Structures are given as structure tokens and as C-alpha cells.
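A.B. asks: Residue numbers (this note's numbering), protein chains in the order written: chain A, 2 to 291; chain B, 71 to 466; chain C, 1157 to 1447. One structure, pasted below without further comment.
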Amino acid sequence: MDDLQQFLAAYQTTIGFVGLNAMLALSVWLTLYTGQLTLGNAAFAGIAAYSSALLTMKAGFPFPLALASGALLAALVSVPLGATVFRLRGVYLAIATLAFGEVVRVAILAIPLTGRGQGLVGIPPKTEVWHIFASLAVVAIACERLRRSNLGRAAAAIREDEIAAASHGIPVRRFKLAAFVLGALIAGWAGGLAAHFDFAIQPDEFGFARAVQILVFAVVGGIPNVLGPILGALLFTALPAVLQPLQEYRDIFQGAILVLVIVFLPRGLATLLELRRTIRLRRVGAQDVA
Amino acid sequence: MEKRSKRILGIVGALAIALAACGGTTGTSGASGSPQGSAAKPDVKVGVVISLTGVGNVYGPTQKNGVELAAQRINDAGGVNGAKMVLVIDDDQSTTDGGVTAFRKQTSQDRVVAILGPTLSNTAVAAHPVAQSAQTPVIAISNTGDGIVGKCTYGKCDYIFRASLGESTAIPATVNIAKTKLNVKSVVLMYAQDDKFSSDGFAIFQKALATAGITVKKEIAFSKTDVDLSAQVTAALAESPDAIIDSSLAGPAILVLKEVNRRKPGMLVIGGNGFNTPAIITSAGAAAEGAVSGAAWYLGNPDPINKEFVAAYKAKYNVDPDQFAAQAYSGLYILLDALKRTPTVTSVLHDKLRDQIELTTGVKTPLGEFSFNASHDVNQKVYVVQIKNGAFTPLN
Amino acid sequence: MADQIYNAIFIGSIYALFALGFTLVFSVLDILNLAHPALFTLGAFTALFAMQQGMPAAAAVIVAFVVCGIAGVLLDRIAFAPLRRRNAPPLSAMISSIGVSLIVIRLIQLKYGPDLQAYPAGTLPAAVFPIGGLLVDTLRSVIIGLAVVLMLALTYLVRRTQLGRELRALAENPRAARILGIDVERAIAATFFLSAGLGGVAGVLYGFATNSPFSQMGLAFELKAFAVMIVGGMGSIPGAVLGAYLLSFGEIASLAFLPSELRDAFAFGLLFVVLLVRPTGILGQRAVDRV
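If you want it as C-alpha cells, here you go:
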């Protein structure tokens, strides 16, 4: 037991980040589920991270209130953004959200309050691992419930074919915007938790590389259900720790695993869970098994 | 479907954690060539956390060389009062969570007596508090930013020491030499704004220049990933300063040097620690001539301890050492000195080791004679160097 | 002022070469090949390797083109073709390319280390000569010339050759292309060869200009490439060229009236506005949205 305790103490950060990344992956999953490819959630996490940290550090806000404020701010910012970009499809939307993310990053670098390029240090470490996993559980259960409901079916319809969905009376624009804003809210909550987990934050942590990383979690995990992004986040957050003995060659193995997983399971790890059904459908010749 | 999914998730999760547990005991790099005879004394485990991957991995590998060379020579000379010194080297991946994870692992799992590192100041502000609360002494061997020792931004940090010359010491010394020996009265201050090291340096330059009474004609910010700095350099040269100061890492510095050389050869360029790497000379070539910076070490230092170090390094690795290797090497010797004075080196030593580190004085290292000051910061000579004929030569 | 323009032309040429390769793959296959920056880097290091063996710079550029071209074809075989066979969504291809990028860059790092490298001394032209008030250097002028030649060559290839026709057909409608008897796999291989080759050459040329190739050098260009493609028009070759020069001139001009801290915000803010007002970019003819 002592060994296990030691292990948990040593890997506390990694375990915590599995949870945080899972939440971020779910935030992207939400938007992907309605057919929107967004690279902006890292920036939303960043907005919430900085604002919640500044609130606890400078304004003496109690931790939960700061978290909520940060997440709400991120969600608020996402509304005008979502409303203006919802017309864009596919890769255009991705690049627009990416551009937004870069503007946020530059803004952080220019505003003295955020510590600019030096980052924000001395953030009170209020986040405990159980906070992260409790939040994750709530978010995951809520998302899964949504997915199974009529709302979820409507969202899937939008993803498949927007025009058909619209002609069926589904308010496409409202759904897409709702998914976008909800995604920003979740990403913001995760961002606030992350800021109070590691004593310090830097603008780089919420940039393009991070946005791509959480997209990878979501896509490699798979869209069918909420387990997908969680699995994706678990695999790729734990992977560097697991591959530590390989030290020099770790990145190569990570890259190789990424390619292998996506090539053999292009719709994500979650499809493994549906394996039996998939094999049966493939056998009868179904081309496009989601 | 639901239940099965849950079960599979559970298995996968347990597997991941189990694998991570097995992967937990990482590459311990022991020193070679010591006789196994003296197995009476238990090994002394020293942790080293450096950036072997990620953006900081430009510095990590030479730091690794430095500590491994030092450990080897230490063990060949009898180790820590007869006990073998064993290094536990971990990669912090140049990220805050990578650093925190490595520090947590080394303090709670490996139970090292002290930790050298991490490589980047960014990582340090997150990782050092971990060692502080675990009461494990830390010697920072390459952090040059503010708030690392003494008055730390995260609170109490009496277990943290720094052996790498802080920019807040090096830069004022550089500025002074610029004023007194090079007659600099006005400058343009360029800096990479999105990189902690560079923006820290920028703030320190601002203060030092104000203290020295040197006019800053313009401040020009750029991005560390900018692929071309010609516009910025042109704007700087348009102000006709006596010198251009560039607070950045080596990559942008090379661009600045080349651009300045193209437009106004002979214009003095001054930099911070980012200039203290041989890559500047090899990549910028003739354009690097005349560049001035403040360093903790330079290759050609005729001090016998340094010559010994350079020769040993070259023999083992077939290449000249750089400042990072020198500081890492020195860091381990400084730790060794304190360990030798600590009564019983059996297991984790906490305050006993810390107290001895505080008393460090007159340790002979490639950096010169070394001691810690009252704020646990480094006491050493600042070498203000200028690149002449393709080598760093001292100005002071 | 004159040398600001000269610099803008120089860096715009690099942007253009980089973006052309990127755009080519996107327009023919709808894939955002995020391994392109790695191929850019591979080009610079292939040339480094060749020159360390004694090869002159000019030959090294050609070697880099060929080696990267082949690498591009391999990239497709390993990372994209299997996904095509499985009818995978285009997003999977993008993810796959990320994995390959990790591998390629790490391999380069293992061989050369992560630090800045330099081409062997004396192999690159260093002459600088003034023309009027302008300081022109041989190296950058050659680079600009070479880049322009390559852009013209590519345009010719796409407009006037059989291969070009096949690529355009493929870009327009893959199924129809197949029905028309076009060997789709061969056309795709050609696309990747050209795309990667151009990216590699861009890398060598940029590496020569800075004389400091390093394993992460492609990253900075990745974001610029997005900006170039959007402004010039996704999937349009002349658009990529136009976008590249607009970006490089814009970056330099913005320094004149914006505080230097906000320069990047200007670029991306502008990008954002373009996306809202005219998402197809200036020359983009592909008004078809991809879902």
C-alpha cells in the first residue's frame, strides 16, 4: 500500500492532467458532435485560467467562485465568436478559431496584468485531484445524457447533413451555437482548475500546439460516445509517463502509436467498444460504419 | 453495451496506471568505472531534472553530459566519502507539468538527497515548490530569471539554491562595461516578448540601463518564432543608437546579428545569456564578431580547474563544452562539497544538507571560485565577453 | 524603404514556396497535411547532410527536393492511403499527419541534436553589393530567383500538362476523375511528390538564408501558411502566391504603425476579418464548403 501511495503522490500531476485533458477533449467533442471543428478551446481555457487565477490572487475570490467566473467569462467571449463563425464550415471554421486563439495569445502577451511573456506565477495551488475527477464525472455524465436524448439525435443529424436537418425543422444555428458555448464553458472550467494545479501558467500553454493536442485526444478517442475523448485523453496523457524508459525515442513511439491508432481505427478508439457490431455490419457490406 | 463499455474503460485505465507504475523507475545513470568493492556504504542518489525533449532540449543534452562527466570523475576520486554517487536523470519535457511530475517522482519515489534543475525558468517556478514542500534541497543550474531564489514568488523557498548566474547580476555588469569600456550612451532595446527568459531579461535590461544613465531610444518587441527580423532591425538602426541590445535566445539573436551586419557592419550588439552559446558563432559567422554578453563562464578561461574540465569533456564527448555543461558540472561539485560536510549521508537529509549547502564557500569550479550569498544565490565573477576572432574573449 | 521591400519579397517567396506545397495537397485531397513543416525541416537537413559530405550548395538543393519528394510519397502511403481505403473522415488524415511529423522531427533531432546547426563554412555565397541605396546580397537574390522559377514551373505544370489536368480533375471531383480513366493513385503520388519537394526546397532556402537550421524551424511557418491560404484563397495556387506576398508585405508594413507587441494580433485579426467577409479568399474559386 505504501508503494501505491508513493506512486500516487509521485504521479499526482499526470493523473490530474489526465482528468483535465479529458475535460478539454470533451469540450471539443461537444462541438465536433455538431459537425464543428474548433481549435479555439485552448484559448477559452486560457482566458478562464488567467482570469480565475487573477481573481484568487488579486481580488481574494474564494476558489469555487473564481473558477465559475473564469468559465463564465470564457463562455461569454465564445458567444459573439460562435455567432460570427457559425456560417463557416470545416477547415475554414478551424482556421477562424485558430486565428481567434492567436489573438488571445497575443493579447495575453501585451497586457501587463497577466505577467506578459513571463507568465503568471505564485498561483495558490487550490486544485485537488478529486476536484478534477468530480468535475469530469459531472461533465461526462451530462454529455452522455445529452447525447442519448433527442437533443443529441438532432445534433447528430446536423453533423450528418445540415440542410436535411434544417428542412426537418431543427434549429441548426441555435444548436451549433449552444454546443460551441457549452464547449467553451467546459474548457474554461478545466482551464481554471489547471491554473490552480501547477503554481504557474504561461501564454504558450494555451496556444496552437495545445489546441491541436486536445483535438487529437477527441478525434483519436472517437465521436460515438463520451468514452471516446476520455480514452483519447487517458492514452496520450499517460503515454509520455509510460514511455519514460524510452527517453530518447519516446516521441517516435508516440508518433507511431498515433499513426497506428488512427489508421486502424480511423473513427477513434471508441469504435473498439462497438467492435462486435462493427464487424457484423462490415460483414454485410456496410461501407461507412460510424 | 453500457456495462461492457465501463468494464473495458476500467481495464484500460488500470492497465495504463499499471504500465505507468512499471515505467516509473526510470533511467538511472550511474557513474562508470568505480570498483564495486566499497559496497559497504549505500549509494547517494542525486536527482537531475532537465529538458531532454521539448523546446528546452537545446540545453538539456549538454547539461546531461556535464553532470555525467562530473559524477564519473567524482566516483573515480572516491565518491561521497567512499559512497558511490548515483544520478537519477529525468526529463521535464520543458513543460511545467513535466517538471512537477519529475520533481514529485524524485522526491517521493526515488527519494534523492537533492535535485539539480530544471532547465528552464518557466518550469522552475512550478517545480521548485514541490521540492520545497518535500524539504529536498534544489540547486538550480540553468535558471537565470527572477524570483528563483531569495524572494520567491510562491512563498518560502529556503531549500532552493542557485548556481547559475542570474541575469539580474550578469546584465548590470554587462551594461556597466558597455558604458565604461565601450562608451555606449544610447541604445535600442529589442526583445522577444513571448518567451519568459527573454522578457525577464528585457525587464532587467530596462532597469540596468536606467541606473547607468544610458538612453533607450526605442523598445522593439518581436516574437520568438519570427522567421525574419529585418524590419525590426531596420527600425532599430534608424534610431542611430550606439548599440543595439537584443534580449532573446540564440535563434533570434543570430537573425539580428546577421541583419545588423548586412546593414551596418561594426554596429555593436549586446545580448544576455542567450548569446552565450557557440551556435551563435557557427551560424552567424563573421556577423557575430564584436557581440558582447555577460556570461558565467567562457571556454578559453585559463583557470586550471576550467582547463581540466574542458580537456576531460572534450576527451569524453569529442566536442567543446558550453556554458550549460559547465554549470551542470559545477553544480554537482558544489553539491558534493556540501555532502562531504554533512555528517551521515544515509537517506534523505532535508535540513542537514540544506544547512551545509548554505555554508558553501571557496569551492573551485570551472566557473571560478564559488559560494552562495545570503539569498542562496550565486557568488561568482561575471565574465563580460566579446566575440573576437570566433571566440569568446573577456572584456573585464 | 527599398530594402524593406526587398526583404518583404524575400520572405514572401519563402512563404509562397511553403504554402504552395500545403495548398496543393489541400486542393487535391482536402487534407490539411500537418506534416508539411516537418518536410520543410527535412529539406534543410537533407541539404546539410549532403553538404557535409562535400556536395556543393546547388546540388544539395536538388537532392533535398528529390529526397523530400520521395518522403512525401512515403508519407501518403503510410499515413493517408490506408485512411482513403477505409473511407475515413478527412480529420483522421490530419491527425495521422501529426503523428508522422512527431516521428520525422524527432529522427532529425536524434541525428543532429536539437540545437541550431550551421552549413559548412564557405559553402554559401556571402557577397553583398549595393545597388543604388539598396543592399542586395547574392544569397537572397538567388533564393528569390529560384523561388519565382519554381512558382512559374508549378503553374505551368498545373495549367498546361497532362498531369496538371489530372490533378485539377481530381481536385474537382475524385469519382468523376476515376471514371474518366485517370490513375488516381498515381496522380496523388505526384501531388505529394511535388508538395513535399517544394516544401523541402523552401526549407533549404530558408536554412541557407539564416544559416541556422534547427529541428523546430517548421513550426513558425505552419501558422503563416494558414494565413496565406485563407487570404489568398484555399486551394488556389496563384492565390497562395498572392497571399504569401500580401502577408510578408503586411507584416513589415504593420510595424510602421502598430506597437511591435501587437503585430501578430494584427495579422490574425486581419485573417479573421477575411474569413468573415470573404472566406474564399481573394482568388479562391472553391466556394464549395467542406463539411
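Positions of the beta carbon are idealized from the N, C-alpha and C atoms, including for glycine. Since we're looking at a predicted model, the values are computed, not measured.
Can you tell which of T189(B), S445(B), A358(B), T285(B) has its C-alpha closest to the C-alpha of F462(B)?
C.D. replies: Checking every option, the nearest Cα to that of F462(B) belongs to A358(B).
A.B. asks: Could you pull out every residue in the same chain whose Cβ sits closer than 8 Å to the Cβ of Q245(A), ignoring the five residues on either side in sequence?
C.D. replies: So the qualifying residues of the chain are R251.
A.B. asks: Would DSSP call L1188(C) helix, strand or coil?
C.D. replies: L1188(C) falls in the coil class under three-state DSSP.
A.B. asks: Quick one: using the 10 Å Cβ neighbour count with 16 as the cut-off for buried, is H169(A) buried or exposed?
C.D. replies: Label assigned to H169(A): exposed.
A.B. asks: Please list, in chain order, all residues of the same chain as L68(A) whose beta carbon is under 6 Å from its beta carbon, the five residues on each side excluded.
C.D. replies: Cβ neighbours of L68(A) beyond the five flanking positions: S53, G193.
A.B. asks: Does DSSP put L270(A) in a helix, a strand or coil?
C.D. replies: Coil.
A.B. asks: Specify the secondary structure class of G1395(C) as computed by DSSP and reduced to three states.
C.D. replies: It is helical.
A.B. asks: Beta strand (DSSP E) containing A1244(C): first to last residue?
C.D. replies: No beta strand (DSSP E) holds A1244(C); DSSP gives it neither H nor E.
A.B. asks: Distance cutoff 7 Å, beta carbons only. Does G1255(C) sit that close to anything in chain F?
C.D. replies: The question asks about chain F, but that chain is absent: this structure's protein chains are A, B and C.
A.B. asks: Rounded to whole angstroms, what's the CA-CA distance from G438(B) to N376(B)? Just pull it up for me.
C.D. replies: Computed Cα separation, rounded: 8 Å.
A.B. asks: Using a beta-carbon distance cut-off of less than 9 Å, what residues from the region 1279-1308 of chain C approach chain B?
C.D. replies: Residues A1282, V1284, L1291, D1293.
A.B. asks: Which first and last residues belong to the beta strand (DSSP E) in which G438(B) is found?
C.D. replies: Counting along the chain, the beta strand (DSSP E) containing G438(B) begins and ends at 438-442.
A.B. asks: What does F200(A) reach in chain B if we use C-beta pairs closer than 7 Å?
C.D. replies: Simply V195, A196, P199, Y224.
A.B. asks: Restricting to Cα atoms, I'd like to know which of G91(A), G116(A), G41(A) is closest to S79(A).
C.D. replies: Considering only alpha carbons, the answer is G41(A).
A.B. asks: For the putative contact between S363(B) and D270(B), defined by C-beta atoms under 8 Å, what is the C-beta separation to the nearest angstrom?
C.D. replies: Not confirmed; about 15 Å, so no contact.
A.B. asks: Going along the chain, which residues of the region 95-125 of chain A sit with their C-beta nearer than 7 Å to a C-beta in chain C?
C.D. replies: Cβ contacts with chain C: I96, A97, L99, A100, F101, E103, V104, V107, A108, L110, A111.
A.B. asks: For I16(A), which residues from the same chain have a beta carbon less than 8 Å from its beta carbon, with the 5 sequence-adjacent residues on both sides left out?
C.D. replies: Only L9, V130 meet the Cβ criterion.
A.B. asks: Quick check on P1286(C): does DSSP put it in helix, strand or coil?
C.D. replies: Reduced to three states, the DSSP call for P1286(C) is strand.
A.B. asks: First and last residue of the alpha helix (DSSP H) that includes L1230(C)?
C.D. replies: Where L1230(C) is concerned, the enclosing alpha helix (DSSP H) stretches over 1213-1231.
A.B. asks: To the nearest angstrom, report how far apart V1384(C) and T14(A) are at their CA atoms.
C.D. replies: Going from the Cα of V1384(C) to the Cα of T14(A) covers about 39 Å.
A.B. asks: Let me make sure I understand the geometry here. Which of E145(A), I258(A), A195(A) has the alpha-carbon closest to that of L1148(C)?
C.D. replies: Coverage of chain C is limited to positions 1157 through 1447, which leaves residue 1148(C) absent and any answer about it impossible.
A.B. asks: Helix or strand or just coil, what does DSSP make of I202(A)?
C.D. replies: I202(A) falls in the strand class under three-state DSSP.
A.B. asks: Using CA coordinates, which residue listed in A212(A), L186(A), F198(A), L21(A) is at the minimum distance from V122(A)?
C.D. replies: Looking at the Cα atoms, F198(A) is the closest of the given residues.
A.B. asks: Just checking my contact of F237(A) with V260(A) at CB under 8 Å: how many whole Å lie between their CB atoms?
C.D. replies: Rounded, the Cβ-Cβ distance is 13 Å, inconsistent with contact.
A.B. asks: Beta-carbon within less than 7 Å of L299(B)'s beta-carbon, same chain only, minus the 5 sequence neighbours each way: which residues are those?
C.D. replies: Result list for L299(B): F292, P322, L325, V326, E329, in chain order.
A.B. asks: Where in the region 1284-1344 of chain C do unbroken runs of the alpha helix (DSSP H), each at least 4 residues long, occur, reported from the N-terminal end onward?
C.D. replies: Segments of the alpha helix (DSSP H) lying fully in the region 1284-1344 of chain C: 1294-1316, 1318-1328, 1330-1335.
A.B. asks: Using a Cβ-Cβ cutoff of less than 8 Å, which residues in the same chain neighbour N466(B) once the five nearest sequence positions on both sides are dropped?
C.D. replies: Correct list, in chain order: A243, I247, K251, V452, Y453, V454.
A.B. asks: By DSSP, does G1255(C) sit in helix, in strand, or in coil?
C.D. replies: Residue state, collapsed to three classes: helix.
A.B. asks: Among R1324(C), P1238(C), A1215(C), T1197(C), whose alpha-carbon lies nearest the alpha-carbon of C1224(C)?
C.D. replies: Checking every option, the nearest Cα to that of C1224(C) belongs to T1197(C).
A.B. asks: Could you check which residue in L270(A), A191(A), A60(A), V264(A) has the C-alpha nearest to that of A23(A)?
C.D. replies: Ranking L270(A), A191(A), A60(A), V264(A) by Cα distance to A23(A) puts A191(A) first.
A.B. asks: Can you list, in chain order, the residues of its chain whose CB lies under 6 Å from that of P464(B), leaving out five sequence neighbours each side?
C.D. replies: Within the same chain, P464(B) has close Cβ partners Y453, V455.
A.B. asks: Which residue wins for smallest C-alpha separation from E103(A), given the options V1397(C), F1382(C), A1303(C)?
C.D. replies: Ranking the options by Cα distance to E103(A), first place goes to F1382(C).
A.B. asks: Using the three-state DSSP reduction, which class does F371(B) fall into: helix, strand or coil?
C.D. replies: As written in the sequence, residue 371(B) is Asn, which differs from the Phe given in the question. Of the three classes helix, strand and coil, the one that applies to N371(B) here is coil, per DSSP.
A.B. asks: Within 6 Å: the Cβ of F45(A) and any heavy atom of the ligand ZN?
C.D. replies: With respect to small molecules bound, the structure shown includes none, and the ligand ZN cannot be examined in it.
A.B. asks: At what residues does the beta strand (DSSP E) containing L157(B) begin and finish?
C.D. replies: Note, L157(B): beta strand (DSSP E), 155-161.
A.B. asks: Please name the residue, chosen from G120(A), A95(A), T98(A), that lies closest to S268(B) on a Cα-to-Cα basis.
C.D. replies: For S268(B), the nearest C-alpha among the options comes from G120(A).
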